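Note that the working numbering numbers the sequence shown so that position 366 is 393, with each residue one more than the last.
Everything below concerns the one structure shown next.
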Amino acid sequence: MKIAIVGTGYVGLVTGTCFAEIGVDVVCVDTDAAKVEALRKGTVPIYENGLEEMVARNMKAGRLHFTTSLEECLDGVEVVFSAVGTPPDEDGSADLSYVLQVARTIGRHLKKYVLVVTKSTVPVGTAQKVRAAIREELEKRGVDVPFDVASNPEFLKEGNAINDFMSPDRVVVGVDSERAKKLMTKLYKPFLLNNFRVIFMDIPSAEMTKYAANSMLATRISFMNDIANLCERVGADVNMVRSGIGSDTRIGRKFLYPGIGYGGSCFPKDVKALIKTAEQNGCEMRVLRAVEEVNERQKGVLFDKLREALGAGALVGRTVALWGLSFKPETDDMREAPSLVLIGKLLEAGCRVRVYDPVAMGECRRRLGDAVYYAKDLYDATLEADALLLVTEWKEFRLPSWAVVKKLMRRPLVLDGRNIYDHAEMEELGFTYRCIGR
């Protein structure tokens, strides 16, 4: 079976490489010629554990190819996945220009039946627009070539994307024809053999499922952050509360960790897009508006704790160390990262900022230039620091040499934005310790 994946961003590259891994002949298409050339040489533009080795292995096996021309490979494929970006417009709605551009390209060059599958996260009703764009181009050519449209939203977690694809909780597929269903069943047959769930449904429901899933997870995070802030006021321990409610099987333990807000390429964008979709259909997503508001406020909570610890007027000239820059561990993605909000507030307050992250230093430099000091390691970041702020819970931050850290710092103040350290132990070591929700 031969398929094409349009877009070699996070979703497209992982999807294409994983399909190649199970024996599918995959052509990945991207309009960025430099990016395609780099991929042909084995240079992967994103950090994802195991991806570079998998790309190299499948290129060597002749199952994974890269090109800039969709039209050249269109005749030889049965399925085309559209995995291009859907960035938010100024009003929060998803920008479908790239998705529709792919559809028009298919319509201009289609000569035989193909199944067009939207992999990107798109609002309900996008499949209809894709179908209309293809038909419009076919009518301009005066031809009638059969095709189908389907929805197959991704549920990949950055840092664990390969495992998520190869061992999924579920695969959601929206179709409206038996022919499309047979093709998608054939494509996902290796997963069916391992008893993974492939859930077929109508296309609008599949499109909605992705937004609903991410919005629910975002809601749990913001809910726990609200609870954590209240716990601090009333003297409760949010970790005890989390354990207590998480043991209820109706609630479960996942995504109940308080912190400094969610970020990344999915949750912020998808919450905004679902709110906008509701507006366009005469509904108001009041819960999600609150989720968004809580999250934005939570991104500044470590700064507020720092100001409280040092004094509102005492931040000018202070040196502050940050451990972690990416929005979560195991990725270099800094889109909507809490670290960016925090660094902005620190710089505005007149602080000197020293940062360290295992993989996101280059991305931070691309975004912030020389506004901060880029440390050689986690200890270099704490040199002469008046405070250490834990922003991202990378594994190498879990058990540092606190004796070294204390010796390097000017003041032994640690603000833990992810609650990974033990309060009693930190105070016993001589640190002033603050975290979330205790």
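Even for Gly, the Cβ is constructed at its ideal location relative to N, Cα and C.
Computed from a predicted structure; not experimentally measured.
- In the three-state DSSP reduction, S353 falls in the coil class, being neither helix nor strand.
- As for any alpha helix (DSSP H) of minimum length 4 sitting wholly inside the region 90-166, the runs are 97-101, 124-136, ordered along the chain.
- Contact annotation: A177 and A154 have beta-carbon atoms nearer than 9 Å.
- When only Cα atoms are considered, Y238 and R445 end up about 26 Å apart.
- Taking 3 residues as the shortest admissible run, the region 373-424 contains the following complete beta strand (DSSP E) segments, listed from N- to C-terminal end: 379-383, 414-417.
- Only exposed fits Q307, as fewer than 16 other CB atoms lie within 10 angstroms of its CB.
- In the three-state scheme derived from DSSP, where H, G and I count as helix and E and B as strand, C55 is classed as strand.
- Around the beta-carbon of S109, 16 or more other beta-carbon atoms lie within 10 Å, marking it buried.
- By DSSP's assignment, K29 forms a beta bridge with D52.
- Using a C-beta cut-off of 8 Å, the region 249-259 makes contact with the region 316-333, since at least three inter-stretch Cβ pairs fall below that distance.
- Counting along the chain, F282 sits inside no alpha helix (DSSP H), nor does DSSP assign it H or E at all.
- Between A408 and V382, the beta carbon gap of about 6 Å places them in contact (Cβ cut-off 8 Å).
- Look at Y238 here: in three-state DSSP terms it is helix.
- For I226, the enclosing beta strand (DSSP E) covers residues 224-228.
- Take the alpha-carbon of V380 and the one of M193: they are about 40 Å apart.
- Across the structure, D203 and L214 are spaced so that their CA atoms are roughly 17 Å apart.
- A contact between stretches requires three or more CB pairs, one per stretch, nearer than 8 Å, and the region 289-309 meets this requirement with the region 355-370.
- Boundaries of the beta strand (DSSP E) harbouring F174: 174-178, taken from the DSSP string.
- In this structure, the beta-carbon distance from K303 to S124 does not fall below 9 Å.
- The distance from the Cβ of K156 to that of L137 is about 17 Å, inconsistent with a contact at the 8 Å cut-off.
- A245 and P385 have their alpha carbons spaced roughly 26 Å apart.
- Per DSSP, the continuous beta strand (DSSP E) segment holding R461 begins and ends at 459-461.
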